[in-house]
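Here is the structure we will look at.
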Amino acid sequence: MKLIPSKLLGRRRLDSSLLPPGQSVSDTLPVVSAGPIPSIRRQDWEFLIRTERHRDHRWDWAQLQALPQEDVSVDVHCVSGWSQLGTRWRGVSLDTLLDTVTTRTEFAMVHSYGGYTTNLSLADLRGGKAWIAHRLDDDELTPEHGGPARLIVPHLYFWKSAKWVHGLELMRRDEPGFWELNGYHMRGDPWQEERYW
Numbered sequence: 001m002k003l004i005p006s007k008l009l010g011r012r013r014l015d016s017s018l019l020p021p022g023q024s025v026s027d028t029l030p031v032v033s034a035g036p037i038p039s040i041r042r043q044d045w046e047f048l049i050r051t052e053r054h055r056d057h058r059w060d061w062a063q064l065q066a067l068p069q070e071d072v073s074v075d076v077h078c079v080s081g082w083s084q085l086g087t088r089w090r091g092v093s094l095d096t097l098l099d100t101v102t103t104r105t106e107f108a109m110v111h112s113y114g115g116y117t118t119n120l121s122l123a124d125l126r127g128g129k130a131w132i133a134h135r136l137d138d139d140e141l142t143p144e145h146g147g148p149a150r151l152i153v154p155h156l157y158f159w160k161s162a163k164w165v166h167g168l169e170l171m172r173r174d175e176p177g178f179w180e181l182n183g184y185h186m187r188g189d190p191w192q193e194e195r196y197w
């Protein structure tokens with residue numbers, strides 16, 4: 001197991017310079033969703049990576065659980081202005097999954113159960129920057145928070161951390177997902193305030 005501490009863990013007073021511009025601290029993880037909450041049974045869940053050559057790599061729930069698990073503590077930042085500090089997740093690094101795939105692409109479209117999509121570069125998914133998380137604060141991830149599994153990409157605004165994650169479609173060029181088609185920034189770095197186009 002790998003523990004990645006929050007930048008703020010162990011501090012008694014919040015240093016506002018550690019928050020991205022325009023953000024304020026929330027004591028809870030708000031439930032925000034672009035549509036209805038899908039109900040996915042663990043026995044029906046799978047994660048798929050489809051390469052640019054249409055080769056599919058699949059993991060069911062048991063296979064995901066059998067992979068090396070990591071515990072991470074990270075700060076998350078919503079484009080609407082709230083941040084929650086030191087959120088604790090458990091899941092599988094995207095590096096573990098992507099290392100099984102041969103690709104020459106630089107981009108991915110994330111697909112969720114329920115139809116949600118968001119675009120990410122592979123550079124933002126690799127290097128210990130992203131996880132498929134299935135636990136939050138030692139509990140199974142509830143459907144409201146994206147369970148049974150969601151993507152966590154904490155260095156970008158939280159809309160990039162797709163709930164109810166179902167897979168990645170690897171792409172040769174960057175294309176907008178749901179919120180990006182509706183005016184959100186293509187990357188979403190909170191430290192650069194990349195909120196909108």
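Residue numbering for the sequence shown follows full-length UniProt numbering, starting at 1 and increasing by one per position. Ideal Cβ placement from N, Cα and C applies to all residues, glycine included.
- In the assembly as shown, L181 is an exposed residue. Its beta-carbon has fewer than 16 other beta-carbons within 10 Å.
- H166 counts as buried, since at least 16 other C-beta atoms from the protein chains shown sit within 10 angstroms of its C-beta.
- For E169, the uninterrupted beta strand (DSSP E) segment begins and ends at 165-171.
- Spatial neighbours of V153 in its own chain (CB-CB distance under 8 Å, excluding positions within 5 residues in sequence) are listed in chain order as L120, D124, L125, K129, A130, K160, S161.
- DSSP lists no beta-bridge partner residue for Y116.
- For a cut-off of 8 Å, the C-beta gap from G81 to Q23 is around 6 Å, short enough to register as a contact.
- Of all C-beta pairs linking the stretch 52-62 to the stretch 85-103, three or more are shorter than 8 Å, placing the two stretches in contact.
- DSSP places A66 in the helix class (H, G or I) of the three-state scheme.
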